[in-house]
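Chains as they are written, first to last, in our numbering: chain A, 6 to 379; chain B, 6 to 379.
Comments concern the structure below.
Number of protein chains: 2
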Amino acid sequence: MNSELLMIPGPVLLHSRVLKAMSRPMINHRSPEFAEVYGECIAILKEVFQTKNDVFVLSGSGTAGMEAAVSNVVDGDDVVTIVNGKFGERFKEIVALYGNPIPVEYEWGNPIELSDVEGALEKGASAVTMVHNETSVGMLNPAKEVGALAKKYDALFIMDGVSSIGGVDVPVDKWGVDIAIVGSQKCLAAPPGLAALAVSEKAWERMKAKSPYYLDLQAYRKYAAKELAQTPYTPAVSLFFGLHEALRMIKEEGMHERIERHRKCAEAVRKAMNAMDMQLFPRLNDVSAYSNTVTAVKMPEGITDKQLRGGMKKRGVLIAGGQAHLKDKIFRIGHMGNVSTKEILVTLEALESTLSELGVNAEGGVAAAKDALK
Amino acid sequence: MNSELLMIPGPVLLHSRVLKAMSRPMINHRSPEFAEVYGECIAILKEVFQTKNDVFVLSGSGTAGMEAAVSNVVDGDDVVTIVNGKFGERFKEIVALYGNPIPVEYEWGNPIELSDVEGALEKGASAVTMVHNETSVGMLNPAKEVGALAKKYDALFIMDGVSSIGGVDVPVDKWGVDIAIVGSQKCLAAPPGLAALAVSEKAWERMKAKSPYYLDLQAYRKYAAKELAQTPYTPAVSLFFGLHEALRMIKEEGMHERIERHRKCAEAVRKAMNAMDMQLFPRLNDVSAYSNTVTAVKMPEGITDKQLRGGMKKRGVLIAGGQAHLKDKIFRIGHMGNVSTKEILVTLEALESTLSELGVNAEGGVAAAKDALK
Numbered sequence: 006m007n008s009e010l011l012m013i014p015g016p017v018l019l020h021s022r023v024l025k026a027m028s029r030p031m032i033n034h035r036s037p038e039f040a041e042v043y044g045e046c047i048a049i050l051k052e053v054f055q056t057k058n059d060v061f062v063l064s065g066s067g068t069a070g071m072e073a074a075v076s077n078v079v080d081g082d083d084v085v086t087i088v089n090g091k092f093g094e095r096f097k098e099i100v101a102l103y104g105n106p107i108p109v110e111y112e113w114g115n116p117i118e119l120s121d122v123e124g125a126l127e128k129g130a131s132a133v134t135m136v137h138n139e140t141s142v143g144m145l146n147p148a149k150e151v152g153a154l155a156k157k158y159d160a161l162f163i164m165d166g167v168s169s170i171g172g173v174d175v176p177v178d179k180w181g182v183d184i185a186i187v188g189s190q191k192c193l194a195a196p197p198g199l200a201a202l203a204v205s206e207k208a209w210e211r212m213k214a215k216s217p218y219y220l221d222l223q224a225y226r227k228y229a230a231k232e233l234a235q236t237p238y239t240p241a242v243s244l245f246f247g248l249h250e251a252l253r254m255i256k257e258e259g260m261h262e263r264i265e266r267h268r269k270c271a272e273a274v275r276k277a278m279n280a281m282d283m284q285l286f287p288r289l290n291d292v293s294a295y296s297n298t299v300t301a302v303k304m305p306e307g308i309t310d311k312q313l314r315g316g317m318k319k320r321g322v323l324i325a326g327g328q329a330h331l332k333d334k335i336f337r338i339g340h341m342g343n344v345s346t347k348e349i350l351v352t353l354e355a356l357e358s359t360l361s362e363l364g365v366n367a368e369g370g371v372a373a374a375k376d377a378l379k
Numbered sequence: 006m007n008s009e010l011l012m013i014p015g016p017v018l019l020h021s022r023v024l025k026a027m028s029r030p031m032i033n034h035r036s037p038e039f040a041e042v043y044g045e046c047i048a049i050l051k052e053v054f055q056t057k058n059d060v061f062v063l064s065g066s067g068t069a070g071m072e073a074a075v076s077n078v079v080d081g082d083d084v085v086t087i088v089n090g091k092f093g094e095r096f097k098e099i100v101a102l103y104g105n106p107i108p109v110e111y112e113w114g115n116p117i118e119l120s121d122v123e124g125a126l127e128k129g130a131s132a133v134t135m136v137h138n139e140t141s142v143g144m145l146n147p148a149k150e151v152g153a154l155a156k157k158y159d160a161l162f163i164m165d166g167v168s169s170i171g172g173v174d175v176p177v178d179k180w181g182v183d184i185a186i187v188g189s190q191k192c193l194a195a196p197p198g199l200a201a202l203a204v205s206e207k208a209w210e211r212m213k214a215k216s217p218y219y220l221d222l223q224a225y226r227k228y229a230a231k232e233l234a235q236t237p238y239t240p241a242v243s244l245f246f247g248l249h250e251a252l253r254m255i256k257e258e259g260m261h262e263r264i265e266r267h268r269k270c271a272e273a274v275r276k277a278m279n280a281m282d283m284q285l286f287p288r289l290n291d292v293s294a295y296s297n298t299v300t301a302v303k304m305p306e307g308i309t310d311k312q313l314r315g316g317m318k319k320r321g322v323l324i325a326g327g328q329a330h331l332k333d334k335i336f337r338i339g340h341m342g343n344v345s346t347k348e349i350l351v352t353l354e355a356l357e358s359t360l361s362e363l364g365v366n367a368e369g370g371v372a373a374a375k376d377a378l379k
């Protein structure tokens, strides 16, 4: 049906084991069989999150997870909202529905200054939101440091780990993340449509009486604690089958190995861009601030998004463009989930060939990546 | 893995074509491929809803659909909430989050009196909520009549068709349903995790500025109208593949034939209960008020839910118990989706055998159903 190589920052290609799991016959969602699947998902997710906190899986996208996080602990409160990309903006928009955002904002792709965050927290906000891996610009934001500041000012730290958790080292408890969110379709290499949240004791203490009905974390907690672990509303059972299998594969690989694989793939892509004289977007002094799950690259002068991505698609590789005002300005290569050497090299080969066809001299990428992936 | 016959009122067993569709390789959710799947789903759903209104598919359960309906048009408004079962109560709870419920309430399973609804509407409510097929008690509520009353009093009619649409005749436009909701895992025989809504022009005119971010129908409308039809947030792509195939099967069968099949199966179950001296719950004078997608039956004296359902499970058939205060008082047989003669007879055979083992003399059900299904 479709043999294109999906190298966008989610949804990612699924392993045949995960695809097969989704075609299991339907079961009752309030049965021992479902409780077992749900329970095993939670157990492995706790390892992935590196947390002892409660973990739940919602049947909804990462955005539903972000809204669940905010809406359950914010009710008219001041919330520091850190923004340096599209998903940081989304967090701010969600906070605005439930409380008062105190924005700490930068141009998309500019690094976060911790002094700005501290300055905002000093005024007494009850929480701070941050996107850990800003998918829109390929940046990793300083979660550990913001976690420490949140603790210092007794604010809840709500962190979108949608596209980092499962591919990057994210010690949720150590960093003091009070609500961490991951999306199923990114580094976990599961189908889209599920979001998992880890909720700290401090977050439970500050739960508000009201939240959207569908996203009520207290209902999730109540139903998870039943004799047969379950969800308050009918879950997307087939997606849980897929997630379950994907998580088993993560356990088989080992988180350490998985993180290292993501790191190596990302490094190879960055080295390839360097060899090809392509400019990373943004340009960062601190290399550890580049995302290890998605790389954003400046569009070469005179080339449109349509030309570049069209040429890649013709070669069977799908990459992503820039979002909103970054359309035609950047392109993005996702390298999360099951991606390894083969996919990276095929993608870079297609990129070299596409650019060459478009009259851009950009060679040596494949060679540089090969070298890095040795 | 699982060969039990699932005869609960959703999720239902999926056809192998639907299971297979879900194991299609992942695609970009902002691609022409997804737009085609989404577009075809919408086109067939409009036929199922019998509507010219806008139709959207949300990645969430039927409850998410109910909340999307209420939260987009209610903001402090008075809303008549009709309750005669569990899901009517859920509607009332959701309304209470966004406005002021004016309850028209009955014991679970008691019929709705239209004069009560009219009396409540006279006071000037902006909307009325009703569950069409009350899954918790196996009843069909008077949608056509409540639609007419809503029109008379210029109120929006928000109708939960979660477990009726696709198995029962629901002419949404003719009945004046302003927001109708269906769940994927019931009569549509698709996987759980999606909810579709049909939204009338009158509903659009009364949209409020605020709703939960994830359930914002105006965002769904905006994204559906893009050159490539899409959803505002990452959809549960694999579930859309499943829904797409399930809807194609509905088209192949024909809605008329499908409704007739559901009607016949339900009639056979009711006749079987009668032959077996089992009492339907509730006892209704108007036979057309019995659900054609789920039948509720009084638990025989001295038999517990655990005994009855345990005996059925031992025989490979899963049925549902009563919810909340109806636990141990009733059991429920779902007969929606792909259910036909074979499944009905296997279920009744297991029921006769289970009851006999439990010392209840209840024979003749299979024979009566066979007769009805001729």
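In this text, a Cβ means the ideal position worked out from N, Cα and C, and glycines have one as well.
Annotation for Thr359/A: Gly316, Met317 place their beta carbon closer than 6 Å to its own, counting only its chain and skipping 5 residues before and after.
When DSSP states are grouped into helix, strand and coil, Pro287/B belongs to the coil group. Closest by C-alpha distance to Arg266/A, out of Gly171/A, Val84/A, Leu222/A, is Gly171/A. Residue burial annotation: Lys319/A is exposed, with fewer than 16 other C-beta atoms found within 10 angstroms of its C-beta. Within the region 168-225 of chain A, the runs of alpha helix (DSSP H) at least 4 residues long that lie entirely inside it are, in chain order, 177-180, 206-210. Rounded to the nearest whole angstrom, the C-alpha separation of Ala26/A and Glu262/A is 24 Å.
A residue is called buried when at least 16 other Cβ atoms come within 10 angstroms of its Cβ; Ser293/A does not meet this threshold and is exposed. In this model, Val100/B and Ala160/B are separated by some 15 Å (Cα to Cα). Under DSSP, Phe246/A forms no beta bridge with any residue.
When Cβ pairs closer than 8 Å are counted between the two stretches, the region 64-77 of chain A is seen to touch the region 191-202 of chain A, the count reaching three or more. DSSP places Ser64/B in the uninterrupted beta strand (DSSP E) bounded by 59-64. Within the same chain, and ignoring the five residues on either side of Pro305/B in sequence, the residues whose Cβ sits closer than 6 Å to its Cβ are Val365. For the options Leu222/B, Ser205/B, Glu368/B, Ile335/B, the alpha carbon positioned closest to that of Leu350/B is the one of Glu368/B. Residue burial is scored here from C-beta neighbours: Asn58/A has at least 16 other C-beta atoms within 10 angstroms and is therefore classed as buried.
Contact between the region 141-151 of chain B and the region 102-122 of chain B is present, with at least three C-beta pairs closer than 8 Å. The C-alpha of Ile32/A lies about 7 Å from the C-alpha of Glu38/A. Per DSSP, the continuous beta strand (DSSP E) segment holding Glu110/B begins and ends at 105-110. For His34/B, the chain A residues whose Cβ falls inside 8 Å of its Cβ are Pro16, Pro197, in order along the chain.
Under the 8 Å Cβ criterion, the region 40-55 of chain B counts as touching the region 237-255 of chain B, having at least three qualifying pairs. The beta carbon of Ile186/A does not come within 7 Å of any beta carbon belonging to chain B, so the residue lies off that interface. In the three-state scheme derived from DSSP, where H, G and I count as helix and E and B as strand, Asn138/A is classed as strand. The residues His34, in chain order, have a CB closer than 6 Å to that of Thr239/A in the same chain once the five nearest residues on each side in sequence are set aside.
The beta-carbon of Glu72/A is placed less than 7 Å from the nearest beta-carbon of chain B. Shown here, Tyr158/B sits in coil according to DSSP, grouped into three states, outside any helix or strand.
Non-local beta-carbon contacts of Ala69/A in its own chain, meaning distances under 7 Å to residues more than five positions away in sequence, involve Leu63, Ala200, Leu220 in chain order. Only exposed fits Thr309/A, as fewer than 16 other CB atoms lie within 10 angstroms of its CB.
The Cβ atoms of Gly339/B and Lys332/B lie no closer than 7 Å to each other. At a Cβ-Cβ threshold of 7 Å, Val322/B and Thr352/B count as neighbours. Listed in chain order, the positions of the region 77-111 of chain A with a beta carbon within less than 9 Å of a beta carbon of chain B are Arg95, Glu98, Ile99, Leu102.
Taken atom to atom, the span from the alpha-carbon of Val60/A to that of Ala251/B is near 33 Å. Here DSSP, grouped into helix, strand and coil, assigns Leu353/A to helix. CA-to-CA, the gap between Val109/B and Asp82/B works out to about 16 Å. A Cβ-Cβ distance of about 7 Å is found for the pair Val175/B and His137/B, placing them in contact under the 8 Å criterion. Chain A places no beta carbon closer than 7 Å to that of Gly44/B, leaving this residue out of the contacts. Here Gly90/B is buried: its Cβ has 16 or more other Cβ atoms, across all protein chains shown, within 10 Å.
Interface residue (Cβ-Cβ distance to chain B less than 7 Å): Gly65/A is classified as such.
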